[in-house]
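Here's the structure we're looking at; comments come further down.
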Ligand SMILES: NC(=O)c1ccc[n+]([C@@H]2O[C@H](COP(=O)([O-])OP(=O)(O)OC[C@H]3O[C@@H](n4cnc5c(N)ncnc54)[C@H](O)[C@@H]3O)[C@@H](O)[C@H]2O)c1
Ligand SMILES: [Zn+2]
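In the working numbering, the protein residues as written are 13 to 392.
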């Protein structure tokens, strides 16, 4: 695949996303092309570094890593402090660059460290999960969790560049990959019918991580996110479209104490909730006249309420080819659901206040069939 370049033009900084299979092998050159300061520090996790560090270090001519743990439970100020400690010890100064090399947790934490160390040093994201490549590395949101809520501490800090090498996704567990793909489904549902169709039509090749199928999907996702954050850098309005599925999704994550689901899985449920609401709203406003006309079996199965699905209590399975494991209220209690609505994404209540797409790819007001959504959410 030829390299793809996507420009992000936010008011605070313009930068490019470079998407190139095997970018990692010439990472030093790509960083030079970004004209970021030559004293470079890379923050990664022990796992990511074990898998891809040797390749990175070869490409970046011996850059030394700062390794910190990357589970969601480590996404906290104490871990950011460890990054500060390493930077201070190495006498990193204003003319230093911090490169993040990991999933969304590393990108958010190390990005926050870059935004605050010496009041801000150069930052480049090199995301290594599908979720980070299509979502978290683009847009400038960085930060950490607080014991009382997710992403409550953070800032908007645009990077100097984002370098995406889809080949690193080869080592990503299928479940992580699928969780990231749900965010792509979100872009399709809110903004791009063609992206939505592309996922449905190429599901196997995408899951097999074939560059010809995967790279255009990542590129289109980045384009959509770049467009939204360019129009609304600080989430004053239009950027809320990116929260589609997230209000209920975050509540599901909170009620299960962030342990049971990957973020994307919870968002997948959140999108189903929003779809239910959408259909219900159409029914109530039009007395059923504009109800989606076909109800295939898979769609009917998904139409069961979330609580019915919960009752089954399917455990999450690493290699499951079904939709995300069911959410069980027994995993938490109602107070956690409400707490889950309070987060750093501006979701304080209600369900997907940003709107409900009623036709695939259009965040507007027409009814849509959920058949396609259900097919994508149930890869067979
Ligand atoms: N800043 C934003 O705009 C934004 C947007 C969406 C999500 N987020 C944040 O992103 C985080 C989730 O990110 P995530 O899903 O990438 O999770 P993650 O960073 O925890 O990564 C998931 C797991 O995959 C491993 N991993 C990473 N790259 C790998 C690779 N190439 N091969 C094998 N394993 C690999 C990690 O070590 C980790 O165990 C959440 O904290 C969420 O709040 C931020
Ligand atoms: Zn998300």
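Cβ atoms here follow ideal geometry from the backbone N, Cα and C, with glycine treated the same way. Keep in mind the model is a prediction, meaning the values are calculated, not measured.
Following a CB-centred definition, is residue i positioned closer than 7 Å to any heavy atom of ligand 1?
i: residue 143; result: yes
i: residue 172; result: no
i: residue 275; result: yes
i: residue 191; result: yes
i: residue 36; result: no
i: residue 116; result: yes
i: residue 55; result: no
i: residue 147; result: yes
i: residue 8; result: Nothing about residue 8 can be read from this structure; the chain reaches only from 13 to 392.
i: residue 140; result: yes
i: residue 289; result: no
i: residue 153; result: yes
i: residue 214; result: no
i: residue 181; result: yes
i: residue 33; result: no
i: residue 130; result: no
i: residue 120; result: yes
i: residue 59; result: yes
i: residue 63; result: yes
i: residue 198; result: no
i: residue 255; result: no
i: residue 162; result: yes
i: residue 184; result: yes
Considering only heavy atoms of ligand 2, does any lie closer than 7 Å to the CB of residue i?
i: residue 80; result: no
i: residue 285; result: no
i: residue 279; result: yes
i: residue 265; result: no
i: residue 188; result: no
i: residue 84; result: no
i: residue 195; result: yes
i: residue 258; result: yes
Quick one: what's residue i bridged to in DSSP?
i: residue 80; result: According to DSSP, residue 80 bridges with nothing at all.
i: residue 54; result: 77, 111
i: residue 131; result: Beta-bridge pairing links residue 131 to no other residue.
i: residue 167; result: 154
i: residue 7; result: Summary: the structure shown does not reach residue 7, with the chain confined to residues 13 through 392, and so no result is reported for it.
i: residue 161; result: 158
i: residue 17; result: 30
Suppose contacts are defined by Cβ-Cβ distances below 8 Å. Is residue i in contact with residue j by that definition?
i: residue 279; j: residue 194; result: yes
i: residue 264; j: residue 282; result: yes
i: residue 172; j: residue 27; result: yes
i: residue 72; j: residue 40; result: yes
i: residue 225; j: residue 29; result: no
i: residue 133; j: residue 42; result: no
i: residue 177; j: residue 36; result: yes
i: residue 109; j: residue 48; result: yes
i: residue 169; j: residue 135; result: yes
i: residue 197; j: residue 218; result: no
i: residue 260; j: residue 286; result: yes
i: residue 18; j: residue 234; result: yes
i: residue 206; j: residue 236; result: no
i: residue 187; j: residue 274; result: yes
i: residue 227; j: residue 33; result: yes
i: residue 46; j: residue 165; result: no
Within the 8 Å Cβ cut-off, does residue i reach chain D?
i: residue 285; result: Here there is only one protein chain, and chain D is not present.
Practice item. Go through the region 219-278 residue by residue and report every complete run of the alpha helix (DSSP H) that reaches 4 residues or more, in order. Key: 223-243, 258-267
Review point. Are the region 124-133 and the region 152-167 touching, with three or more C-beta to C-beta distances below 8 Å?
Key: yes
Check your understanding: Three or more C-beta pairs closer than 8 Å, one from the region 107-116 and one from the region 47-64: is that the case here?
Key -> yes
Check your understanding: Are the region 135-148 and the region 176-195 touching by the rule of at least three beta carbon pairs closer than 8 Å?
Key -> yes
Practice item. Taking 8 Å as the threshold, find out whether the region 234-244 comes into contact with the region 18-31 through three or more Cβ pairs. Key: yes
Review point. Is it a yes or a no for the region 89-108 touching the region 46-53, going by three-plus beta-carbon pairs under 8 Å?
Key: yes
Exercise for review: Would you check if the region 60-73 and the region 88-99 touch, i.e. whether three or more CB-CB distances between them fall below 8 Å?
Suggested key: no
**Study point:** Residue ranges of each beta strand (DSSP E) within the region 164-209, 3 or longer
**Key:** 173-176
Point to revise | beta strand (DSSP E) runs wholly inside the region 19-47, at least 3 long, in chain order | key: 26-31
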